[in-house]
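Heads up, the thing below is written out as structure tokens.
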Amino acid sequence: MSGPLPAPEFDAQNYARPNQNWTCGHAGEGKACRLGPDAKGRCRATAECKPALETKPGETKGRWRCTRPGEACESGPLPDGSCGRPIARCSPEPTLRVWRGRATLAVIAVSFGLLLVTLGNPPWRNRFISPGELSKVHSGDAFAMLATTNHLSQGCGACHVAGNSGPNGMVTAALRAEPGMLELVKLATARPAEPTVIDESCLKCHPTRNFHQPNAPAMSCAFCHAEHQGAGLAATTDANCNFCHGSAGKLAAAGGFQGSAAAVIHHFADDHPQFRFITEPWPDRDTLKFNHELHLTRATIPKLPGGTRLDCTFCHQPDAAGAFMKPVVFEKNCRVCHALQFDPETPQLTLPHGSADFVSAFLRSLPKQYLNLATNPAAADAFVSQKLAALRTQFGSGEDLERRIFFSSATLGPETQMGTLKGATRAIFPGCAYCHEVKPTAAGAPQIFRPVLPERWLTRAKFNHAKHAGMACTQCHDAVHSQSTADVLLPGREVCTVCHSPHGGVADACAECHTYHRPK
Amino acid sequence: MNRFRRQFAFGMLALVAATVGALWLHQKFGALPNHAFLTGWALLAGMFGLTIYNARKKLPFLPLGSSETWLQVHIYLGFFTTLLFLIHLNFRVPHGWFEITLAWLFGLVSGSGMVGLFFSRVLPRRLATRGGEVIFEKIAAQRHGLQIAAENLALGTEAKSLFIAEFYAQRLAAFFSGPKHFWLHLAESRRPVSTLLAGLEELRRFASEGERDKLDRLAALIRQKDGLDYHRALQLALRLWLFVHIPLTYGLLVFTGLHIVLVFGFSGGAR
Numbered sequence: 003m004s005g006p007l008p009a010p011e012f013d014a015q016n017y018a019r020p021n022q023n024w025t026c027g028h029a030g031e032g033k034a035c036r037l038g039p040d041a042k043g044r045c046r047a048t049a050e051c052k053p054a055l056e057t058k059p060g061e062t063k064g065r066w067r068c069t070r071p072g073e074a075c076e077s078g079p080l081p082d083g084s085c086g087r088p089i090a091r092c093s094p095e096p097t098l099r100v101w102r103g104r105a106t107l108a109v110i111a112v113s114f115g116l117l118l119v120t121l122g123n124p125p126w127r128n129r130f131i132s133p134g135e136l137s138k139v140h141s142g143d144a145f146a147m148l149a150t151t152n153h154l155s156q157g158c159g160a161c162h163v164a165g166n167s168g169p170n171g172m173v174t175a176a177l178r179a180e181p182g183m184l185e186l187v188k189l190a191t192a193r194p195a196e197p198t199v200i201d202e203s204c205l206k207c208h209p210t211r212n213f214h215q216p217n218a219p220a221m222s223c224a225f226c227h228a229e230h231q232g233a234g235l236a237a238t239t240d241a242n243c244n245f246c247h248g249s250a251g252k253l254a255a256a257g258g259f260q261g262s263a264a265a266v267i268h269h270f271a272d273d274h275p276q277f278r279f280i281t282e283p284w285p286d287r288d289t290l291k292f293n294h295e296l297h298l299t300r301a302t303i304p305k306l307p308g309g310t311r312l313d314c315t316f317c318h319q320p321d322a323a324g325a326f327m328k329p330v331v332f333e334k335n336c337r338v339c340h341a342l343q344f345d346p347e348t349p350q351l352t353l354p355h356g357s358a359d360f361v362s363a364f365l366r367s368l369p370k371q372y373l374n375l376a377t378n379p380a381a382a383d384a385f386v387s388q389k390l391a392a393l394r395t396q397f398g399s400g401e402d403l404e405r406r407i408f409f410s411s412a413t414l415g416p417e418t419q420m421g422t423l424k425g426a427t428r429a430i431f432p433g434c435a436y437c438h439e440v441k442p443t444a445a446g447a448p449q450i451f452r453p454v455l456p457e458r459w460l461t462r463a464k465f466n467h468a469k470h471a472g473m474a475c476t477q478c479h480d481a482v483h484s485q486s487t488a489d490v491l492l493p494g495r496e497v498c499t500v501c502h503s504p505h506g507g508v509a510d511a512c513a514e515c516h517t518y519h520r521p522k
Numbered sequence: 010m011n012r013f014r015r016q017f018a019f020g021m022l023a024l025v026a027a028t029v030g031a032l033w034l035h036q037k038f039g040a041l042p043n044h045a046f047l048t049g050w051a052l053l054a055g056m057f058g059l060t061i062y063n064a065r066k067k068l069p070f071l072p073l074g075s076s077e078t079w080l081q082v083h084i085y086l087g088f089f090t091t092l093l094f095l096i097h098l099n100f101r102v103p104h105g106w107f108e109i110t111l112a113w114l115f116g117l118v119s120g121s122g123m124v125g126l127f128f129s130r131v132l133p134r135r136l137a138t139r140g141g142e143v144i145f146e147k148i149a150a151q152r153h154g155l156q157i158a159a160e161n162l163a164l165g166t167e168a169k170s171l172f173i174a175e176f177y178a179q180r181l182a183a184f185f186s187g188p189k190h191f192w193l194h195l196a197e198s199r200r201p202v203s204t205l206l207a208g209l210e211e212l213r214r215f216a217s218e219g220e221r222d223k224l225d226r227l228a229a230l231i232r233q234k235d236g237l238d239y240h241r242a243l244q245l246a247l248r249l250w251l252f253v254h255i256p257l258t259y260g261l262l263v264f265t266g267l268h269i270v271l272v273f274g275f276s277g278g279a280r
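First to last, the sequence lines map onto chains A and B. Residues in the first sequence are numbered from 3 upward in steps of one, following the working numbering. Residues in the second sequence are numbered from 10 upward in steps of one, following the working numbering.
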């Protein structure tokens with residue numbers, strides 16, 4: 003013993019044994035026995051001392067002597083040599099160490115028990131050890147059917163070798179992992195995006211990566227598509243995209259990129275190229291003649307039936323999802339002003355829209371059309387003759403009328419002013435060529451070119467108008483300054499980056515607009 | 010600078026340096042494909058280092074450095090391992106029952122360790138300001154002695170004071186019968202003892218000279234008992250946090266073992 007001796011006031015008779023597992027049951031009364039319980043918590047109390055037999059020389063019987071520590075008792079040992087002061091036995095009490103040890107054993111037992119119960123029951127096991135919800139495409143009945151078709155296991159086993167194994171199979175799979183558990187050098191020096199064992203499972207259903215661009219390099223699927231992240235595959239991060247698109251070398255190695263697609267990009271706000279419809283440029287090839295500035299700003303534009311001014315939302319209505327705009331339709335969006343009234347005296351008579359043949363047939367049936375409008379049957383013929391005579395006075399022959407209706411662009415015919423003739427509240431029809439490109443044909447009605455209105459301009463980018471509902475249309479679409487149909491009224495990158503940038507505070511990740519998958 | 014302050018300064022310096030280094034390594038190598046595996050092994054090594062402190066305490070005879078040094082290393086390694094854990098998670102919330110359980114176990118072990126550190130830094134000072142040294146294991150015996158003394162004073166053959174006996178039976182018997190007011194003592198509240206002493210003070214109006222002397226002695230016993238309860242509460246708190254820290258450490262090790270099997274068995278080396 004090299005340690006210091008107990009302090010002088012140390013009460014050796016009443017040692018509390020804090021490092022022992024058991025204490026005397028009488029300790030709480032301040033009467034703990036000197037001996038204390040044994041290591042298993044059994045009371046060892048017998049008597050206050052073990053009398054010693056002292057035999058003087060010449061004596062045969064001897065005399066029992068009290069050996070109680072400190073001071074011999076008054077009564078002394080009994081004649082048979084036993085102590086006359088037995089100690090009351092107690093129920094030893096466990097110390098905090100014992101309770102802590104019991105708590106530790108309980109936690110270990112519960113841990114093992116929980117793991118055994120969950121790992122031993124396959125449905126519970128898969129749910130318990132799954133690190134997160136699978137994506138919809140890799141779960142559910144449809145995937146289960148596909149897995150059967152592709153001769154894969156059901157459940158976790160479809161992708162993981164150890165998926166349908168019990169604890170033994172899991173340990174075996176772990177020991178056979180590549181790189182192995184303790185192959186730290188291999189683990190540390192693995193190249194990013196390098197295909198791994200788990201990718202072989204992906205290739206069972208996606209053998210040719212056929213939803214990727216053909217020039218996409220062979221990479222680990224899991225590099226971009228992290229599973230167990232919820233109902234959707236985890237969004238591809240900018241880091242994933244930058245792995246290739248942030249490296250000129252990798253882009254060159256992949257090949258197939260031209261123009262702005264070959265640009266090295268790190269962040270949308272920093273080095274994303276300007277949109278191609280601006281740089282190349284891509285004019286709107288639509289043959290319809292439409293002047294946004296005139297419709298939105300000029301005072302000559304009559305008010306709508308409700309008394310409101312014409313604005314963007316009258317023609318451009320969001321679709322059911324709110325993401326994109328419905329196509330503009332003549333009957334719904336144009337006819338309210340452009341009613342195709344060709345006879346100023348008879349505004350209720352309007353031309354059909356949609357087919358040059360129909361228009362031609364309609365004009366040839368004008369006597370019948372006027373007859374239908376006659377209110378007095380007795381004077382119907384006179385009414386029709388009067389109307390036709392008025393048309394002849396204004397337009398000449400029927401052929402002239404038809405020619406004017408098809409080919410007048412309001413600068414050729416007699417009606418060069420819109421909307422003010424004889425108190426008409428709506429624009430009088432100047433001629434098909436006012437809006438459409440019209441070409442004569444060798445026989446029959448002329449050819450009227452239908453408008454070509456693309457539903458989406460940037461087909462490879464995602465966009466959602468609903469998410470931009472708090473903004474005015476003109477913040478992005480400069481329609482009030484556009485007089486030509488050829489103007490593509492989409493905003494440039496600089497308009498988007500006002501918000502979609504670190505400075506603007508709105509998400510600017512690649513996946514906000516782009517999808518990696520090849521367009522179908 | 011005394012020894013404790015010097016140790017604390019060096020330890021904090023080492024911890025800050027290790028933290029900055031770990032964050033720098035995470036920033037630089039966070040994109041490595043097997044980042045989670047590498048940080049996982051580092052984390053396991055840290056946990057192993059923390060766990061052997063308990064083994065070291067069971068082998069005091071081995072010349073492996075002082076327990077104080079081991080404790081300092083345990084504390085700083087604990088902080089660093091918590092940081093490693095967050096890096097291992099890539100600062101994301103885990104998903105799935107197993108991983109959530111594992112994270113909770115780690116959080117509880119770390120949290121209880123920090124609570125224990127807080128207790129070990131704060132409670133001894135508070136104990137030193139309240140009475141002399143009290144050995145935790147002897148508190149029960151001392152309380153028993155106080156109980157006997159109070160009973161003798163209030164109910165003994167020489168008591169002869171009915172209202173003191175009644176007060177003892179109604180208010181003090183329960184107080185002296187066992188440890189009281191654990192949480193209030195932890196919160197440094199003196200309300201229970203003040204209430205009892207105020208009750209005694211009320212009795213003084215009806216007491217004779219001799220009875221007032223008894224009341225004074227009874228008040229002294231109440232204060233001693235309250236002091237014992239205070240020591241017991243704080244010393245028990247100094248021990249009870251280990252009831253979370255140590256058992257859950259072993260639960261954490263069990264779950265960690267399975268975690269290693271699962272990540273290698275199911276990933277086959279993939280991210």
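Virtual Cβ for every residue (Gly too), placed ideally from N, Cα, C.
Within 9 Å, strictly: CB atoms of residue i and residue j
i                     : j                     : result
residue 271 (chain B) : residue 176 (chain A) : yes
residue 231 (chain B) : residue 193 (chain B) : no
residue 38 (chain A)  : residue 100 (chain A) : no
residue 23 (chain A)  : residue 106 (chain A) : no
residue 227 (chain A) : residue 134 (chain A) : no
residue 494 (chain A) : residue 277 (chain A) : yes
residue 453 (chain A) : residue 239 (chain A) : no
residue 148 (chain B) : residue 212 (chain B) : no
For residue i, three-class secondary structure by DSSP
i                     : result
residue 450 (chain A) : strand
residue 88 (chain A)  : strand
residue 120 (chain A) : helix
residue 269 (chain A) : coil
residue 226 (chain B) : helix
residue 70 (chain A)  : coil
residue 441 (chain A) : strand
residue 95 (chain A)  : strand
residue 341 (chain A) : coil
Alpha-carbon to alpha-carbon, residue j and residue i
i                     : j                     : result
residue 401 (chain A) : residue 359 (chain A) : 14 Å
residue 37 (chain B)  : residue 31 (chain B)  : 10 Å
residue 276 (chain B) : residue 313 (chain A) : 57 Å
residue 353 (chain A) : residue 361 (chain A) : 6 Å
residue 114 (chain B) : residue 117 (chain A) : 14 Å
residue 2 (chain A)   : residue 403 (chain A) : No answer is possible for residue 2 (chain A): the residues shown for chain A start at 3 and end at 522.
residue 514 (chain A) : residue 464 (chain A) : 7 Å
residue 167 (chain B) : residue 223 (chain B) : 11 Å
residue 243 (chain B) : residue 146 (chain B) : 13 Å
residue 191 (chain B) : residue 142 (chain B) : 19 Å
residue 486 (chain A) : residue 248 (chain A) : 38 Å
residue 150 (chain B) : residue 130 (chain B) : 28 Å
residue 315 (chain A) : residue 471 (chain A) : 12 Å
residue 482 (chain A) : residue 460 (chain A) : 22 Å
residue 158 (chain B) : residue 81 (chain A)  : 38 Å
residue 225 (chain A) : residue 45 (chain B)  : 13 Å
Assigned exposure category for residue i - 16 Cβ within 10 Å defines buried
i                     : result
residue 235 (chain B) : buried
residue 90 (chain B)  : buried
residue 53 (chain A)  : buried
residue 56 (chain B)  : buried
residue 126 (chain A) : exposed
Any chain D beta carbon closer than 9 Å to residue i
i                    : result
residue 33 (chain A) : The chain labelled as chain D is not found among the protein chains of the depicted structure, namely A and B.
Let me know the alpha helix (DSSP H) ranges lying completely inside the stretch 38 to 68 of chain B, each 4 residues or longer, listed in chain order.
44 to 67
Length-filtered (4 minimum) alpha helix (DSSP H) runs lying within the stretch 182 to 220 of chain A:
186 to 191 and 199 to 207
Fully enclosed by the stretch 128 to 180 of chain B, which alpha helix (DSSP H) runs are 4 residues long or longer?
148 to 164 and 171 to 176
At what residue ranges does the stretch 362 to 414 of chain A contain a whole run of the alpha helix (DSSP H), taking only runs of 4 or more?
368 to 375, 382 to 397 and 400 to 409
So within the stretch 122 to 165 of chain A, which uninterrupted beta strand (DSSP E) runs reach at least 3 residues, ignoring any that extend past its ends?
none
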